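For the first sequence, the working numbering assigns the number 654 to the initial residue and increments by one for each residue that follows.
One structure is given here, and the rest of the page talks about it.
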Amino acid sequence: MFELGRNKILRGKNEFNKVHSKGHSLANREMVIYILEDENLNGKVGFAAGKKLGCAVIRNRVKRILREAYRLNQHNIKKNCAIILVGRKNLVEAKCEVAIKSLKDICKRAKIWID
RNA sequence: GCAGGUAGCCGAGACAAUCGCGGCUUUUUAAGUCGAGGAAAGUCCGAACUCCACAGAGCGGCGUACCGGAUAACGUCCGGCGGAAGUAAUUCCAGAGAUAGUGUCACAGAAAAGAAAACUACCGAAUUUUUUCGGAAAAGCUGAAACGGCAGGGUAAGAGCCUACCGGGCGAGCAGUAAUGUUCGUGCCUGAUAAACCUUACGCGGAGCAAGACUAAAUAGGAAAUGGUUGAGGUUGCUCGCUGACAUUUCGGGUAAGUUGCUUGAAUUGUGCGGUAACGUACAAUUUAGAUAAAUGAUUGUCUGAAAAACAAAAUUCGGCUUAUCGGUUGCCUGCCGCC
RNA sequence: CGGGAUGUAGCACAGUUUGGUAGCGCGCAUCGUUCGGGACGAUGAGGUCGCAGGUUCAAGUCCUGUCAUCCCGA
């Protein structure tokens, strides 16, 4: 249903750097998204939070909120590409609803959203 | 009751539902069970462990520094001594050596460590408008600091020159394991700075889990040049000693994955005994996260509350230190006030 | 896990070695010059020397702790 196992998450420096450097990016107030269409990495996700957001507790919280937002909406997102979600400052004190709304918005702009 | 000191304790606030994550077990795709901290932080010390000669010599370098003890070890802890703050409980202190030597002490001041005390003032003698020689270190603006302080005697004027008291040094006795305290004697001995160099005593080999071990894959244990058993490279900065065949650069590429190390440990809790205490010891019980883009979250409801709200996330493991920090709470102690 | 550096006026930097006066440039303010502005000249303001404690007669400088920022190696 809404499971998000380990095999769906980007693993290793290689995969991560590939998406980060070769993919194209979009951003709004809450997050940045990197998208790359690659046969080997289809449907995989990564979550990140920059050092500027704060200490480890805050960064972990941002990543968890991103993860939760993606988990609940994973069936509405196209599976032919790899994604990295990076949290921004507005997400530090936000609730989950805000993250979900933001994710929906940014995916529609990237044209990977399925209704 | 108020004010203060000190030693601790507890908490992703609790419960429930739905969706979801990491490990382990059983079974096969579900179920059960466990799943962050007092600082997990900073990386400031000390160890374990691993590799380099299970680790050596000398110089250099670094660290520690009242005394005694605890400990695997420590720069930590406990007790004592000395000093400082406070009415007190109590707290704080790099707290060895300035008589081994070298350096520094701005400005001001006669003089800043050399006693030559050059200057003013003082005393004596000679010469007499004044100057010279000698004595003495008591007075002198200054300065952070002025060559023991202060009083009396003494003297031409003065001086530990002599005496009493205070201060300091040295020696002896007594108390104490010791630091130290105290009494007596001697007698004035010559600032400050070792968080300046330094001296003395003691300690320290280097690198770190990305240490290290194993498996597999890669056209590929590739090519060229230089150095090399007359010793490359490694071993700490250097010299020795040890080891003993590759090292460096360039060109053109590839891999960068998995397993292990990885959690049973100087472990935690309780009770008894020894010790002023740190701590030690005996017995019993308990196994308490092991991830690798990195697991604890989201939503809803109920309750406590003024408000779910502080600092904050394990990464090889322990013992400390330091720093951040909200709310609640307990024991003991001190001072003041009131009542019995 | 290990190593190194920086913090001084609004900005960019000296001064720290060897302790006694905190300074240069740009910028700012006032005045002069010009019909006016710029440039130029003169004068002036502006500093808890990242923070806390200690040593010293005296600390930007020496020592200890701490905070922040940046860099490097495996």
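Every residue, glycine too, gets a C-beta built ideally from N, C-alpha and C.
Computed from a prediction, not measured in an experiment: that's the story for all the values here.
With a threshold of 16 other CB atoms inside 10 Å of the CB of residue i, please say whether the residue is buried or exposed.
i	result
F700	buried
V698	buried
V710	exposed
C708	exposed
G658	exposed
L679	exposed
S755	buried
Could you check what DSSP says for residue i in three-state terms: helix, strand or coil?
i	result
A747	coil
I688	strand
I736	strand
L663	coil
F655	coil
I765	coil
Taking the alpha carbon of residue i as the point to measure from, which residue in the options has its own alpha carbon closest?
i	options	result
A722	M684, S678, E668 and N660	M684
A747	R682, R762 and I765	R682
W766	K742, Y687 and Q727	Q727
R741	K661, K675, I686 and V672	I686
A735	E690, F655 and E750	E690
Given residue i, which residues of its chain have a CB within under 8 Å of its CB, disregarding the five upstream and five downstream residues?
i	result
F669	L663, G699 and I737
Go through its chain and collect everything with a Cβ distance to residue i's Cβ below 6 Å, but skip five positions before and after it.
i	result
R712	A702 and L706
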